[in-house]
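FYI, in my numbering the residues of the sequence shown are 3 to 178.
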Amino acid sequence: MKVGENIVLVGFMGTGKSSVGREVGRRLQRRFVDLDEEAVLAAGRPIPRIFEEEGEAGFRAWERQVVHRYSVPKNLVMATGGGIVLDPSNLESLSRAGLIVCLDASVESILQRVGRDRNRPLLQTEDREQRIRGLMAARQPYYEAIEHHISTDGLSRSEVADRVIALVGAGHEAGN
Ligand code: S3P
């Protein structure tokens, strides 16, 4: 990695971006930033209220604003919202200042991890599994375009963190 380059975790909801990111930050002594939390701070409202009042498009606009602010090398570890990939300019900006790593998980693990969580407006529906499958299928091409992937199925947070650290370390040695 280049000096100051951020580590940016992307991936579908419930792939562990925030919990893994926090752990990677702690271990590498880098500040951890959750872009969902930053969007909440910027909007001054929790995510479900942003969706209620401004729709998904409104939330995406806050997300873009926050992405722009964090597209500078600050030696951070970042977690992003699952939908960040929908606007290709988001990843373009973040990758100018960071190494993008996509966390993958099966529908089954995602269902388990998101539980009955009420903080994700896109999953407030009767049939969560069907919703997850639909969203995943629609986003697949965007996630697939990312160079670095880590499969998280069956791994603990700490094991996924090991892999992220190995990946960014390998990039560093190669002088990438
Ligand atoms: C979203 C994922 C959420 C959050 C918002 C929309 C998405 O973040 O940004 O509810 O479109 O996939 P997590 O991936 O952290 O759950």
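Even glycine gets a Cβ: it sits at the ideal position worked out from N, Cα and C.
Can you determine whether any heavy atom of the ligand S3P sits closer than 7 Å to the C-beta of residue i, and answer yes or no?
i: LEU124; result: yes
i: SER111; result: no
i: MET15; result: yes
i: ASP89; result: no
i: LYS4; result: no
i: ILE9; result: no
i: ILE134; result: no
i: ASP106; result: no
Identify, in the order they occur along the chain, each residue of the same chain with its Cβ nearer than 7 Å to the Cβ of residue i, setting aside the five sequence neighbours on each side.
i: GLY177; result: At GLY177, the pLDDT of 48 sits below 50, so the modelled position is not reliable; the number obtained from the coordinates is stated separately. Once the five neighbours on either side are set aside, GLY177 has no close Cβ partner at all.
Going by DSSP in three states, residue i sits in which element: helix, strand or coil?
i: PHE53; result: helix
i: LEU78; result: coil
i: ASP36; result: strand
i: SER95; result: helix
i: GLY100; result: strand
i: SER73; result: coil
i: ASP164; result: helix
i: SER153; result: strand
Between residue i and residue j, how many whole angstroms is the CB-CB distance? I'm expecting something under 8 Å.
i: LEU78; j: LYS19; result: At roughly 13 Å, the Cβ-Cβ gap does not stay under 8 Å, so LEU78 and LYS19 are not in contact.
i: GLY100; j: ASN8; result: 3 Å
For residue i, I'd like the list of residues in its chain whose CB is within less than 6 Å of its CB, leaving aside the five on either flank, ordered along the chain.
i: GLY6; result: PRO75 and ASN77
i: ILE148; result: ILE102 and CYS104
Complete runs of the alpha helix (DSSP H) confined to the segment 117-149 [at least 4 residues] = 130-146
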